[in-house]
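Residue numbers (our numbering): 26 to 463. This report concerns only the one structure given below.
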Ligand code: SF4
């Protein structure tokens with residue numbers, strides 16, 4: 026009888042309707058980008074992998090702690106991570122560069138964060154965009170299959186992390202200003218189309234991006250919404266690159282140079298969980314403060330960072346390396362940096378859930394800062410390797426390092442970082458830091 030009861034039928038429908046519907050996936054629609062894993066093992070070194078309860082259950086049932094005779098996880102401030110060796114490598118990384126869990130149990134039995142890398146699912150209120158981390162060597166080298174060939178696998182992985190497919194994020198255009206329908210898509214398309222312009226040098230393209238990011242930061246956006254916002258975006262981009270010629274730049278101000286180096290250090294800072302536990306909180310914080318001050322001062326030898334990434338180079342030597350645009354590898358570097366910037370915007374990693382929940386305008390400014398930091402670091406790596414010019418390897422390593430923390434490390438989404446961006450927005454700071462190294 027219950028089957029004929031109209032109330033019970035409507036309850037069933039209600040139950041089904043109230044079940045959250047997974048957002049549709051949009052895998053980075055960038056034809057210029059490819060990826061397949063080539064097993065270099067780089068992502069198994071240095072990354073701290075946070076574990077979910079399902080990961081912990083798998084690791085326990087696989088019996089690793091007993092078999093390896095040591096714990097394979099570590100707890101720190103209420104979170105459980107995969108344990109790393111003293112050199113930063115994951116305890117499961119084998120000498121041949123392969124993952125032991127993968128080898129013995131298959132890809133789908135690894136912790137979900139390891140499976141997902143380098144894909145970065147970013148839900149907004151209508152879909153889940155899937156961006157890419159340029160911390161992956163194959164992504165930087167643009168090697169492998171078309172991205173859409175990974176769609177089935179990404180669908181499976183994201184369903185294991187339900188929050189990646191839920192519309193919980195309200196897209197913001199600027200501080201305290203929710204985006205209206207289509208505003209952010211308009212902005213993303215306009216930025217992407219501008220960055221794709223092969224008739225302009227990448228220096229001009231990034232300079233233009235910096236000008237747009239600063240101009241939108243100054244604009245009274247509350248007065249130009251929806252259609253008028255779209256008109257504003259079209260107007261700003263149509264003024265490029267001609268407008269830049271009427272706005273000549275002075276040299277980087279000393280304070281801007283200091284803040285840029287500080288921003289680079291913030292992106293290199295890398296405290297491993299086991300080190301932080303051994304050293305203790307205050308010793309760790311003090312060491313970070315001293316290193317940050319040395320970067321800010323910018324004189325003498327660069328302090329030890331990121332396990333000796335910069336060797337024994339001095340800040341003075343870094344200043345002698347030419348800009349990326351002057352490199353003999355300019356074309357390859359341009360392809361890399363432009364792909365990165367486009368993938369970040371179109372893949373949803375420039376703002377919103379992909380970047381600390383930040384509104385689009387500040388997210389664009391952060392993208393400019395990240396590009397400038399990567400360019401500075403590429404010059405630093407060139408200097409530390411004895412190169413007169415930045416090589417494509419220097420540029421790849423620098424960009425991978427900078428993107429490693431972008432959108433992940435809590436301190437890059439902090440108030441301090443916001444203040445730094447505010448400062449760069451003044452006195453053409455965003456444009457000047459781009460011109461300095463790109
Ligand atoms: S860095 Fe990229 S190519 Fe290398 S092992 Fe990780 S996912 Fe594969």
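Ideal Cβ positions, reconstructed from N, Cα and C, are used throughout, including at glycine.
For residue 72, the shortest separation between its Cβ and any heavy atom of the ligand SF4 does not lie below 7 Å. Excluding five sequence positions before and after residue 254, the CB atoms of its chain that fall closer than 6 Å to its own CB belong to 208, given in chain order.
Close CB contacts of residue 368 within its chain, under the 7 Å cut and outside five residues either way in sequence, are with 53, 55, 58, 156, 157 (chain order).
Nearest to residue 349 by alpha-carbon distance, out of 171, 423, 116, is 423. When DSSP reads this structure, residue 270 sits in no beta bridge, so it has no partner. A Cβ-Cβ distance of about 17 Å is found for the pair residue 417 and residue 366, leaving them out of contact under the 8 Å criterion. One thing to note: residue 66 has its Cβ within 8 Å of the Cβ of residue 122. Look at the beta carbons and you see the region 238-257 not touching the region 189-197: under three pairs across the two are nearer than 8 Å. When 63, 105, 371, 114 are compared, the shortest CA-CA separation from residue 70 is found for 114.
Apart from sequence neighbours up to five positions away, the residues of its chain that approach residue 330 with a beta-carbon distance below 6 Å are 293, ordered along the chain. Taking the Cβ of residue 67 as the reference point, at least one heavy atom of the ligand SF4 falls within a distance shorter than 7 Å.
Counting the other CB atoms within 10 Å of its CB gives residue 428 a total of 16 or more, which places it among the buried residues. For residue 87, the three-state secondary structure derived from DSSP is coil. Judged by DSSP in its simplified three-state form, residue 141 adopts helix. Residue 348 carries a coil assignment under DSSP once its states are collapsed to helix, strand and coil. In the DSSP annotation of this structure, residue 132 is not part of any alpha helix (DSSP H), being labelled neither H nor E. Around the beta-carbon of residue 252, fewer than 16 other beta-carbon atoms lie within 10 Å, marking it exposed. Around the C-beta of residue 83, 16 or more other C-beta atoms lie within 10 Å, and the residue is accordingly described as buried.
Shortest Cα-Cα distance from residue 244 to any of 415, 359, 326, 386 involves 386. Short of 8 Å from the beta carbon of residue 98, and not among the five residues preceding or following it, lie these beta carbons of its own chain, in chain order: 76, 81, 84, 105, 106, 107, 108. If you ignore the 5 residues before and after residue 458, its C-beta comes within less than 6 Å of the C-beta of 285, 397, all in its own chain and listed in chain order.
Contact check for residue 153 against residue 146 passes: the beta carbons are separated by less than 8 Å.
Residues 346, 347, 351, 352, 353, 354, 407 of the same chain have their beta carbon placed closer than 8 Å to that of residue 414, with the five preceding and five following residues left out of the count. Secondary structure note for residue 154: its beta strand (DSSP E) is the uninterrupted segment 153-157. In this structure residue 390 is in contact with residue 455, their Cβ atoms being roughly 6 Å apart against a cut-off of 8 Å. In the DSSP assignment, residue 104 falls within the beta strand (DSSP E) that extends over 104-107. Residue 440: not part of any beta strand (DSSP E); member of the alpha helix (DSSP H) spanning 440-450, first to last residue. Of the heavy atoms belonging to the ligand SF4, at least one sits nearer than 7 Å to the Cβ of residue 63. The beta-carbon distance between residue 432 and residue 372, rounded to whole angstroms, is 11 Å. This is too long to meet the 8 Å contact definition. Secondary structure of residue 365 (DSSP, three-state): helix.
Taking residue 392 as the centre and dropping the five residues before and after it, the same chain places the C-beta of 234, 238, 366, 369, 370, 375 closer than 8 Å to its C-beta, in chain order.
Under a 10 Å Cβ-count criterion, residue 259 is classified as exposed, with fewer than 16 other Cβ atoms of the shown protein chains found around its own Cβ. Annotation for residue 86 indicates a beta carbon at 7 Å or more from all heavy atoms of the ligand SF4.
Taking each of 290, 363, 278, 313 in turn and checking the Cα distance to residue 450, the smallest one comes out for 278. With contacts defined by Cβ atoms closer than 8 Å, residue 404 and residue 165 do not form a contacting pair. Per DSSP, residue 95 lies in no alpha helix (DSSP H) and is assigned neither H nor E.
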